[in-house]
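From first to last, the protein sequence lines stand for chains A and B. The numbering of the first sequence is this note's numbering, which starts it at 5 and goes up by one. The numbering of the second sequence is this note's numbering, which starts it at 37 and goes up by one. Don't be surprised by glycine CBs; every beta carbon is placed ideally from N, CA and C.
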Amino acid sequence: MKTRFPKQGKFGDYGGRYIPETLVPAIEELEENYLKFKDDKNFKKELEYYLKYYAGRPTPLYFAKNLTEKIGGAKIYLKREDLLHGGAHKINNTLGQVLLAKKMKKKRIIAETGAGQHGVATAMACSCLGIKSEVYMGYKDTIRQKLNVFRMNLLGSEVHSVKSGSQTLKDAINEAIRDWITNVDTTYYLLGSVVGPHPYPVMVRDFQSVIGEEVKKQMKKINNKTPDTVIACVGGGSNAIGTFYPFLDSSIEIIGVEAAGHGLKTNKHSATLSAGTKGVLHGMMTYLLQDNEGQIRETHSISAGLDYPGVGPEHSHLKDIGRVKYHSATDREVIDAFLLLTRTEGIIPALESAHAIAEVIKLAKKKPKSETIVVTLSGRGDKDVEVVEEYMKKHVKNKK
Amino acid sequence: MSRIKNKFLELKQKNEKALIAYIMVGYPNEKSTISAIRGLVNGGADIIELGFPFSDPIADGPVIQNASNISLNNGIKIEKFFQIIKQIRKETDIPIVLMTYTNILYKIGYEKFMQKAKNAGIDGFILPDMSIEESKSYVNAARKSKLDTIFLISPNTSTERIKKILKVTSGFLYLVSMYGTTGMQTKIQKYTIDAIKKTKRVVNKKKPIGIGFGVNTPQDAKKFLSLGVDAVIVGSAFLRLIEKTSPKKIESKITTFTRSLKNTTR
Chain A
5 MKTRFPKQGK FGDYGGRYIP ETLVPAIEEL EENYLKFKDD KNFKKELEYY LKYYAGRPTP
65 LYFAKNLTEK IGGAKIYLKR EDLLHGGAHK INNTLGQVLL AKKMKKKRII AETGAGQHGV
125 ATAMACSCLG IKSEVYMGYK DTIRQKLNVF RMNLLGSEVH SVKSGSQTLK DAINEAIRDW
185 ITNVDTTYYL LGSVVGPHPY PVMVRDFQSV IGEEVKKQMK KINNKTPDTV IACVGGGSNA
245 IGTFYPFLDS SIEIIGVEAA GHGLKTNKHS ATLSAGTKGV LHGMMTYLLQ DNEGQIRETH
305 SISAGLDYPG VGPEHSHLKD IGRVKYHSAT DREVIDAFLL LTRTEGIIPA LESAHAIAEV
365 IKLAKKKPKS ETIVVTLSGR GDKDVEVVEE YMKKHVKNKK
Chain B
37 MSRIKNKFLE LKQKNEKALI AYIMVGYPNE KSTISAIRGL VNGGADIIEL GFPFSDPIAD
97 GPVIQNASNI SLNNGIKIEK FFQIIKQIRK ETDIPIVLMT YTNILYKIGY EKFMQKAKNA
157 GIDGFILPDM SIEESKSYVN AARKSKLDTI FLISPNTSTE RIKKILKVTS GFLYLVSMYG
217 TTGMQTKIQK YTIDAIKKTK RVVNKKKPIG IGFGVNTPQD AKKFLSLGVD AVIVGSAFLR
277 LIEKTSPKKI ESKITTFTRS LKNTTR
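Here is the structure:
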């Protein structure tokens, strides 16, 4: 696959590098090393080894027969990233970046996390590859995803609870950047999504593209075709771009699903591409949820992993040129999708991934049975059962 | 000639160095901001750097983060900020620099923002997250409105890069003294001394060098000035003082502290 490595990390107007000067040498060192190792035979072999034997790749492309019959329309296939070690697609990226950090002789790894999935995947990769890790996590997220905090601690990672700002993912990123500025010589910043200054959006996309590459091969084996539609949820957008990227040159339908929270007409959502405007945050130019003076707005989503006011710059570009359609799903639709998948297929999806399921429920019935839709199930939902239970107590009581 | 350039020339003739003082607008409220600015002017500050809050100040430590939050919670807006500047301009001709983050200017539009800023009496900008690679339209807009763009360098900035940054910097060059966010209180490190030497060599007196981040006391200021920088920038220390001072005493306390800092520059 040809890797598009845009000049100065620009996707149209988006991306780039808006960073404090202290980070410039570190970012340049990272770019240089990434370019050097990404096509290095030994590096690739080592990464493939860990992806296969440690993380559990390739993941199955599962025909969701019951769900397909229930909805009655196009055939639905699930790309089972939820079956990876750690329970989410995040390990694809952390293994790649931790291996790179080791090649760069870094002694300490820091990361941010929202739902805790990237934090857990960081802690796992660091434990496996023998390097110290510390994870920044918004205070609010440490409460709603406390199981993951405990997992990170068990895995030997130190978790810093971030009490500044909105106490969620964006503030965890702020704090991780501040740490990096302070310890720039010794520390590797392991960003968990396709956001931040160049080269992160490109590098994380490349590490996640294994998802779409496998889908392509597996679909070909199943019906000797490419899927007619691929769907994935979008927060920062790493599982989505990983799914989409290998299909961008084709003409298939591609849909990203954002978190509409309480609805796009309220202020309580995280649908950056659907409702945002252009701006600069966390080292990149991209769509943001902000007020008309450029202050970043607080966001809401039932899923901590999508609760972010920015989005990967490549998604912003793909939206503008119309190659990818970005839809959204409300908390209510997500809970319904979560329950439906759980009951029809016996698969408990992460609330993040349930956004993609919500979209396929709407879409599949409009499509003929001859078509196939692939939905990336980016993670499993064990971490979310408490949140779902609480939501159901409050809202779904009468339904039983 | 810009007020900033003028100020440095004037100081040179007097054989003095510059004291640049930072406070956050709207912290803890609008009235205190005006009192604090009067204190800075009375105490002899040479240039005032006014912070405008951004929700996500990645280059700032806890003191300025906290001040940003309070200012934002008080409902500070850009128009209000420009009004405050206009009010101050009736009293003083001191150079005023706005320090904030790129998105605040970008959202309104660089050109439109610059025109409004110029009109209000601002002299230049410091944006800690504006890299030179992304700076073209920002710098062009500033030049069009005859405003200074003050860029930052760090102890790890290469000689080659300092040269590039010098080309787009006007007013003065802002040397970040250490690895970290604003307001850290540490001893002066060897790498900082080396950075000052390197920067002086590269800049070769073409533009003034100001040093900031971690200048907290008159002792700190004195040490940095003895190493040959042209200006010391003090920020978090002023905010700490404002935090523990009752509103009525802000002006006099700031005057006294400013004077103690200014004395080190003579």
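Verify whether the separation of the beta carbon atoms of residue i and residue j is less than 8 Å.
i, j, result
"B:Ser91", "B:Asp184", "no"
"A:Gly314", "A:Val199", "yes"
"A:Ile135", "A:Thr126", "no"
"B:Leu275", "B:Val268", "no"
"B:Ala57", "B:Asp165", "no"
"B:Gln119", "B:Ile70", "no"
"A:Thr4", "A:Val153", "What is shown of chain A runs 5 to 404, which leaves residue 4 of chain A out entirely."
"A:Val124", "A:Arg155", "yes"
"B:Met150", "B:Gly87", "no"
"A:Ala354", "A:Gly326", "no"
"A:Thr233", "A:Ile215", "no"
"B:Thr301", "B:Glu52", "yes"
"A:Leu51", "A:Leu133", "no"
"B:Val251", "B:Ile198", "no"
List, in order along the chain, the chain C residues whose C-beta lies closer than 8 Å to that of residue i?
i, result
"A:Tyr22", "In the structure shown, chain C cannot be found, because the protein chains are A and B."
Which residues share a DSSP beta bridge with residue i?
i, result
"A:Glu257", "A:Thr233"
"A:Ser165", "A:Met141"
"B:Val265", "Paired residue(s): none; B:Val265 is not in a bridge."
"B:Pro164", "B:Pro164 is not bridged to any residue."
"B:Gly248", "B:Val212"
"A:Lys282", "A:Tyr291"
"A:Thr117", "A:Met141"
Give the single residue among the options whose Cα lies nearest to the Cα of residue i.
i, options, result
"A:Thr247", "A:Met223, A:Gln12, A:Gln212", "A:Gln212"
"A:Cys237", "A:Thr98, A:Glu356, A:Thr72, A:Leu99", "A:Glu356"
"A:Met141", "A:Cys130, A:Ser170, A:Cys132, A:Ser131", "A:Ser170"
"A:Ile147", "A:Thr26, A:Ser242, A:Thr117", "A:Thr117"
"A:Leu345", "A:Ser165, A:Pro62, A:Ala360", "A:Ala360"
"A:Ala115", "A:Gln222, A:Gly196, A:Leu87", "A:Gly196"
"B:Met214", "B:Ile144, B:Lys285, B:Asn192, B:Lys242", "B:Asn192"
"A:His331", "A:Ser278, A:Leu133, A:Lys94, A:Gly76", "A:Ser278"
"A:Pro317", "A:Asp253, A:Met288, A:Lys221", "A:Met288"
"B:Tyr227", "B:Ser190, B:Leu86, B:Arg179, B:Gly80", "B:Ser190"
"A:Asn37", "A:Lys110, A:Tyr291, A:Phe15, A:Ala68", "A:Lys110"
"A:Ile306", "A:Lys323, A:Gly326, A:Asp335", "A:Asp335"
"A:Glu302", "A:Gly76, A:Gly241, A:Asn271", "A:Asn271"
"B:Val77", "B:Glu287, B:Asn299, B:Thr300", "B:Glu287"
"B:Leu277", "B:Lys143, B:Ile224, B:Ile100", "B:Ile100"
"A:Phe342", "A:Gly298, A:Asp388, A:Asp145, A:Val378", "A:Asp388"
"A:Thr290", "A:Ala264, A:Lys144, A:Thr281, A:Leu173", "A:Thr281"
"A:Glu337", "A:Trp184, A:Gly326, A:Asp210, A:Ala358", "A:Ala358"
"A:Asp86", "A:Lys398, A:Gly350, A:Tyr22", "A:Gly350"
"A:Tyr204", "A:Asp183, A:Gly241, A:Lys224, A:Leu367", "A:Gly241"
"A:Thr98", "A:Ala263, A:Thr230, A:Tyr193", "A:Tyr193"
"B:Phe249", "B:Asp266, B:Glu85, B:Leu211", "B:Leu211"
"B:Leu297", "B:Tyr63, B:Thr128, B:Gly75", "B:Gly75"
Hey, quick one: how far does the beta strand (DSSP E) through residue i stretch, first residue to last?
i, result
"B:Asp184", "184 to 186"
"A:Ser332", "329 to 334"
"B:Tyr63", "Where B:Tyr63 is concerned, there is no enclosing beta strand (DSSP E), given that its DSSP letter is neither H nor E."
"B:Leu134", "132 to 135"
"B:Leu86", "83 to 87"
"A:Leu194", "Counting along the chain, A:Leu194 falls outside any beta strand (DSSP E), and DSSP gives it neither H nor E."
How would you write the range of the alpha helix (DSSP H) that residue i sits in, first residue to last?
i, result
"B:Phe208", "From DSSP, B:Phe208 is part of no alpha helix (DSSP H); its letter is neither H nor E."
"A:Ala127", "121 to 133"
"A:Glu394", "389 to 395"
"A:Arg182", "173 to 186"
"B:Met220", "Segment: none, B:Met220 is in no alpha helix (DSSP H) and carries neither H nor E."
"A:Ala30", "28 to 41"
"B:Leu202", "195 to 204"
"B:Thr292", "286 to 298"
"A:Phe211", "204 to 212"
"B:Thr235", "226 to 239"
When every heavy atom of the ligand COA is checked, does at least one fall within less than 7 Å of the C-beta of residue i?
i, result
"A:Asn37", "Of the ligands one can find in the structure shown there are none, so the ligand COA has no counterpart to examine."
- request: Please name the residues in the segment 232 to 252 of chain A whose beta-carbon is closer than 7 Å to at least one beta-carbon of chain B, in chain order.
  value: none
Select from the segment 64 to 94 of chain B all residues with a C-beta closer than 9 Å to any C-beta belonging to chain A, and list them in chain order.
Pro89, Phe90, Ser91, Asp92, Pro93, Ile94
Exercise for the section: Give, in chain order, every residue of the segment 191 to 208 of chain B whose Cβ lies closer than 9 Å to some Cβ of chain A. Expected result: Within the segment 191 to 208 of chain B, the residues whose Cβ lies closer than 9 Å to some Cβ of chain A are Pro191, Asn192, Thr193, Ser194, Arg197, Ile201, listed in chain order.
inquiry  = Taking beta-carbon pairs under 8 Å, can you tell me which members of the segment 236 to 262 of chain B lie near chain A?
reply    = none
(request) Would you list, in chain order, the members of the segment 153 to 178 of chain A that have their beta-carbon closer than 9 Å to a beta-carbon of chain B? (result) Ser168, Gly169, Ser170, Lys174, Asp175, Ile177, Asn178
Inset, instruction - Anything in the segment 106 to 139 of chain B with a Cβ closer than 7 Å to a Cβ of chain A? List those residues in chain order, please. - result: Leu108, Lys113, Ile114, Thr138, Asn139
Mind listing which residues of the segment 252 to 278 of chain A have their C-beta closer than 9 Å to chain B's C-betas, in chain order? none
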